[in-house]
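Below is one structure; the comments refer to it alone.
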Amino acid sequence: MNRALTLAKNGMGRTSPNPMVGCVIADSSQNIIGEGWHKKYGGPHAEIEAINNAHENNHDVRGSTVYVTLEPCSHYGKTPPCAKRLAAEGVSRVIIGMRDPNQLVNGQGIKILEDAGIQVEFADDDIMSQCKLLNKGFIFVHKYHRPFVSLKAAMSLDGRMCLDNNSSKWITGIEARTEAHVMRSENDAVLVGVNTILNDDPELTVRYIEGVNPLRVILDSNLKTPPDAKVISSDNKCLIITSENADSEKEKILIDKGARVARAAVNHNNHIDIKSALEYLASQGVLTLMVEGGPGVISSFLSNKLADYVKFFIAPRILGEGKGISLNMNFADVNSAFMLSGVKSRLCGNDVIIEGRLSCSPDL
Ligand code: AOF
Ligand code: ZN
C-alpha cells in the first residue's frame, strides 16, 4: 500500500477533477508483478495501468492480490468499470485504501468484486488516512461541493501581513518563497484578491521548482485588475471572479488579454461571496485551492469558516501599525477559538513555518 501511495502521487497536478490513484499487483509469494497509477485526467485508471504493466512483463494476474489506494470503480465513464475488469482477470484479493466518495461508485465497486467471489479488505487506519489526505480535494468536492482550502500567509512577529501603505512584498526570506511554489504546485488553483494584484503584481506561477502551474483566481468584484497585470496570460489559466453588475466593457478587455471572467454573488459589502466562489470553482474541476491573498481575503475565508488548513510563515520582523488578519469574530473563551490539529512547525531560513488542520474544517 505504501508503494501504491507513492505511485499515486506521480499524478499530482494532472488528474483533477479525478483522484490520484496508485495500484500494485502481487503474486502469491508477495512479489510485485505489476504497478501503475492514474497518469492524467481522462486516461486509464490505476488498476488498468497495473494490469497492463503485469501483462507487458508476461505475468499472469490470476490468483494475485491487488493493492489499490481507492475503491475500484463500478461505472462506465471515460473508461469501463475497473471492478469488472479485475473480476474478469481472475484476481483473488483486493486491498482498498479508501471507499470512493463519488456517488457513481461508493460501495458498488466493492459489491462487484465480492459478487465475483473476490476477497475484499480495507487497509489499516494509518494507510487509510494517508489515502484520504492525498485525495482530500476529491473527497471535499464529492462530500461538500467545494474544494479543500489551504491558507498561506506570511506575517511578522507582531502578526502584520503588510505595512499601512499596503507594502508587503518579501516579508519572509527566499527559502519561504520556494515553499510557496511547492504549495502552488500541489493545488489545482491559487486565489488572491484584486488588492494583491494591484499592490504586488504577482505571477502566481510555479517557478522555483518543477511542477504544474495552478489555475490563477482573482476575486475582483469591480474588475479593477489591470489588463496588463502579470497574472493574465494566454495560457487560459487566469480566472477573474467578479460580480453580476461589473462593467462588461472592462470584462471584454480582460478577456481579449487572455483572462477568463465568471460572475458570482456578492455580499452586502460588494465583496464576492466566498461560498458561491468556491462552488463555482468546484464546478470547474478545482479540487484543492490555495489562498495566497492579503489580510482581507484571508480574513474572509476564516470568518466564513471556509478554510481547512493553514500554513503560516512567521518572519523575524516587527512591522508595527499595518494590517493583520482581522476577523470580526469574537470567541467566548480561548478553548472555543479556532485551533490547529496535527500541528507541524519548522524553521525555513530565518522564518518559522507553522501549519495544521483548522478546527472549523469538516471531516474527510
Ligand atoms: C480515476 N482514476 O485510477 C480511478 C478512478 O471519468 P472516468 O471514467 O475516468 O471515471 C472517474 C471516476 O472513477 C472517479 O471520479 C472515481 O470515482 C473513479 N476511480 N478515477 O480517474 C483512477 N480508480
Ligand atoms: Zn476505474
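Residue 917 in the numbering used here is what sits at position 227 of the sequence shown, and the numbering runs on without skipping anything.
Each residue gets a CB set at the ideal place from its N, CA and C atoms; glycine is no exception.
beta-carbon residue i near ligand 2 non-hydrogen atom, thresh 8 Å
i	result
C772	yes
E737	yes
T759	no
T769	yes
P762	yes
Check: residue i C-beta below 8 Å from any heavy atom of ligand 1
i	result
P709	yes
D790	yes
F828	yes
G797	no
C713	yes
L996	no
H765	yes
L929	no
H835	no
L847	no
L977	no
L794	yes
T705	yes
G724	no
G685	The structure shown does not extend to residue 685, since the chain is modelled only from 691 to 1054, so the question has no answer here.
G948	no
H728	yes
Candidates the options, of which the one nearest residue i by Cα
i	options	result
I817	Y757, D1041, R953	Y757
V921	S911, P892, V810	P892
L979	V880, F1028, A936, Y970	V880
C763	H728, V751, M845	H728
S1035	G797, S911, K1001	K1001
L909	K833, H961, K942, I1008	H961
A936	V956, N926, G948, S923	V956
A744	G726, K940, S911, I1004	G726
I931	A716, A773, L913, E900	L913
P917	K947, D854, R775, D998	K947
G701	V711, Y999, N959	V711
D890	H871, S857, L841	S857
T868	D717, D790, R897	R897
R950	A997, D963, N959, S924	S924
V839	S911, A967, G1039, P1006	A967
N1025	G901, N855, S1049, C1038	S1049
V795	S938, G767, M851, S846	G767
A1027	L992, K1013, L824	L992
M851	P1052, K1013, L1030, N1040	K1013
L1037	P1006, S1051, K942	P1006
I723	G703, C821, D1041, D750	D750
D815	M691, I1043, Q809, A952	M691
I899	K942, V872, T915	V872
K833	I1043, S819, Q793, I964	Q793
Distance, residue j Cα to residue i Cα
i	j	result
E811	E934	50 Å
G1046	D878	19 Å
K699	I785	18 Å
A813	M788	8 Å
E876	N1018	31 Å
S973	I988	22 Å
P985	E1011	13 Å
I829	L894	26 Å
Q798	V981	35 Å
E865	I1004	12 Å
G863	F1021	33 Å
H835	Y970	9 Å
N885	P791	37 Å
A919	L944	10 Å
P904	P707	13 Å
L697	K927	27 Å
L823	L695	11 Å
P1052	C821	17 Å
A777	D805	9 Å
S1016	H765	47 Å
M1029	K995	12 Å
L1056	P771	This structure cannot settle anything about residue 1056, because the visible part of the chain is limited to 691 through 1054.
R693	A716	12 Å
D1066	Y999	Any answer about residue 1066 is impossible in this case: the structure gives the chain only from 691 up to 1054.
Whole-angstrom C-beta distance between residue j and residue i, which should lie under 8 Å
i	j	result
I800	E761	6 Å
V907	L929	5 Å
Y731	T769	In fact, because the Cβ distance is near 11 Å, the residues do not count as touching under 8 Å.
C713	E739	7 Å
G983	G883	5 Å
G753	G733	Not really, about 28 Å apart at Cβ, beyond 8 Å.
S782	T755	7 Å
A870	K842	6 Å
Secondary structure, alpha helix (DSSP H): runs of 4+ residues fully inside the stretch 869-940: Assignment of alpha helix (DSSP H) within the stretch 869-940, counting only whole runs of 4 or more residues, yields 884-890 in chain order.
Whole runs of the beta strand (DSSP E) within the stretch 831-855, excluding any shorter than 3 residues: Runs of the beta strand (DSSP E) inside the stretch 831-855: 838-846, 850-852.
Completely contained beta strand (DSSP E) runs for the stretch 936-976, where each covers 3 or more residues: 950-954
Any beta strand (DSSP E) of 3 or more consecutive residues that is wholly inside the stretch 755-782: If only uninterrupted beta strand (DSSP E) runs of at least 3 residues are considered, those enclosed by the stretch 755-782 are 755-758.
Uninterrupted beta strand (DSSP E) stretches inside the stretch 985-1035 (no shorter than 3 residues): 999-1005
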